[in-house]
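Following: one structure in structure tokens, then a few remarks.
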Amino acid sequence: MQYTGTTLKNSIEIDRLYSVHYFEYMSDFSFEGESHNFWEFVYVDKGIVEITSDKHSILLKKDEIIFHKPNEFHNVTARRNVAPNLIIVSFSTKSPEIEFFKNKILKLNDFEKNLLANIIIEARRCLNDRLDLTYQYSLTLKENEAYGSQQLLRLYIEQFLIHLKRRYMNIVPSAILDLKSSPKMTKSKNDSEIFQRVVDYMDAHLNDHLTIDQICKKNLVGRSQLQKIFKEHCGMGIIEYFSYLKIKTAKELIRTGHRNFTQISDIMGYSSIHYFSRQFKKVTGMTPSEYASSIKAISERS
Numbered sequence: 044m045q046y047t048g049t050t051l052k053n054s055i056e057i058d059r060l061y062s063v064h065y066f067e068y069m070s071d072f073s074f075e076g077e078s079h080n081f082w083e084f085v086y087v088d089k090g091i092v093e094i095t096s097d098k099h100s101i102l103l104k105k106d107e108i109i110f111h112k113p114n115e116f117h118n119v120t121a122r123r124n125v126a127p128n129l130i131i132v133s134f135s136t137k138s139p140e141i142e143f144f145k146n147k148i149l150k151l152n153d154f155e156k157n158l159l160a161n162i163i164i165e166a167r168r169c170l171n172d173r174l175d176l177t178y179q180y181s182l183t184l185k186e187n188e189a190y191g192s193q194q195l196l197r198l199y200i201e202q203f204l205i206h207l208k209r210r211y212m213n214i215v216p217s218a219i220l221d222l223k224s225s226p227k228m229t230k231s232k233n234d235s236e237i238f239q240r241v242v243d244y245m246d247a248h249l250n251d252h253l254t255i256d257q258i259c260k261k262n263l264v265g266r267s268q269l270q271k272i273f274k275e276h277c278g279m280g281i282i283e284y285f286s287y288l289k290i291k292t293a294k295e296l297i298r299t300g301h302r303n304f305t306q307i308s309d310i311m312g313y314s315s316i317h318y319f320s321r322q323f324k325k326v327t328g329m330t331p332s333e334y335a336s337s338i339k340a341i342s343e344r345s
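This note's numbering applies: residue 44 is where the sequence shown begins, and numbers increase by one.
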């Protein structure tokens with residue numbers, strides 16, 4: 044019996060990649076604007092920014108994404124005195140399906156945010172360039188890139204666009220949605236709920252000195268179970284993740300620029316500025332002053 048193969052069509056296919064950026068800007072950031080002959084999307088990971096596209100201005104909030112079509116002038120400015128985090132990806136495509144995103148502002152769900160995270164991960168694996176460099180007119184590839192990272196980067200961008208369009212066109216088969224209620228998903232869902240509850244609790248107590256026992260008692264969960272959940276969800280221990288949350292907030296305070304390092308150390312509940320500096324360098328690889336000057340340089344170049 045002779046088999047006949049089936050050719051699968053591409054719905055959206057990326058031809059060229061022009062930029063992949065993750066920016067942590069200062070609260071007074073402003074980019075005067077540009078236009079180019081390829082597509083670009085801007086996603087707000089934190090904060091609020093004002094974006095002007097051609098002659099229309101909008102406020103783009105956390106978890107929202109805007110698409111700029113080729114040759115559309117656009118600029119961006121931080122708003123409400125908050126230091127924003129932005130993901131910016133630009134690319135070219137000949138696929139007609141991309142026209143769906145013209146003049147669109149969409150809100151991402153968790154799955155789409157995970158796809159964006161994968162884009163950033165694979166970009167770091169195959170690109171020689173730092174993702175926080177502005178005015179970067181060409182990308183350079185690593186000589187010893189992770190196997191398949193270039194292809195995965197392109198595929199993740201394509202999957203991201205396809206999934207986003209599919210969801211907003213409401214054409215996801217209902218059978219796929221029914222998987223959420225399957226028995227195998229129940230434990231994973233419960234663990235995720237515990238993880239998020241504990242993270243929310245730690246977020247609300249960033250200026251305290253929390254112990255594992257305190258966290259377990261307040262959230263009615265066993266110590267070994269909680270340690271296992273955190274290892275599975277983020278690859279860290281609970282206290283290590285709590286330290287990460289503290290430093291993440293400290294970074295935001297540094298970028299806002301309204302407090303000095305001693306004040307930030309006090310706000311975050313550190314016993315001394317020296318301990319704060321050691322913890323900051325342990326998490327970020329930089330001292331607070333090195334971090335502040337690097338972010339400031341990015342904003343001034345913009």
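Here a beta-carbon is modelled for each residue, glycine too, at the ideal position from N, C-alpha and C.
Between S138 and S62, the CB-CB gap reaches or exceeds 8 Å.
Annotation: K156 to M44 spans about 46 Å, alpha carbon to alpha carbon.
Taking C-beta separations shorter than 6 Å and ignoring five residues to either side along the sequence, the partners of L103 in its chain run V87, V92, I94, I109, following chain order.
In the DSSP assignment, R59 forms a beta bridge with S135.
In this structure L176 is exposed. Its beta-carbon is surrounded by fewer than 16 other beta-carbon atoms within 10 angstroms.
Around the beta carbon of H111, a 10 Å sphere encloses 16 or more other beta carbons of the protein chains shown; the residue is thus reported as buried. From the listed residues P127, I148, S78, I272, the smallest Cα separation to E107 is found for I148.
8 Å or more divides the Cβ of E77 from the Cβ of S96.
Secondary structure in the stretch 100-159: the beta strand (DSSP E) runs of 3 residues or longer, each lying completely within the stretch, are 107-111, 117-121, 128-136, 148-150 in chain order. Taking the CA atoms as reference points, F134 sits about 38 Å from Q322. Taken in chain order, the whole alpha helix (DSSP H) runs of length 4 or more contained in the stretch 172-214 are 192-211. Note on K294: 16 or more other CB atoms within 10 angstroms of its CB, so buried under the neighbour-count rule.
The Cβ atoms of E56 and E201 sit closer than 8 Å to each other. For the 8 Å CB-CB criterion, D71 and A121 form a contact.
Assignment of K274 by DSSP, reduced to helix, strand and coil, places it in the helix class. Around the CB of S308, 16 or more other CB atoms lie within 10 Å, so the residue is classed as buried. E283 sits exposed, since fewer than 16 C-beta atoms from the chains shown fall within 10 Å of its C-beta. When the five nearest sequence neighbours on each side are left out, the beta carbons in the same chain lying within less than 7 Å of the beta carbon of L253 are those of M245, F285, in order along the chain. Taking a C-beta distance under 8 Å as the contact criterion, G312 and N262 do not qualify as a contact pair. At the C-beta level, I316 and T305 come within 8 Å of one another. When G300, S320, A247, F66 are compared, the shortest CA-CA separation from Q179 is found for F66.
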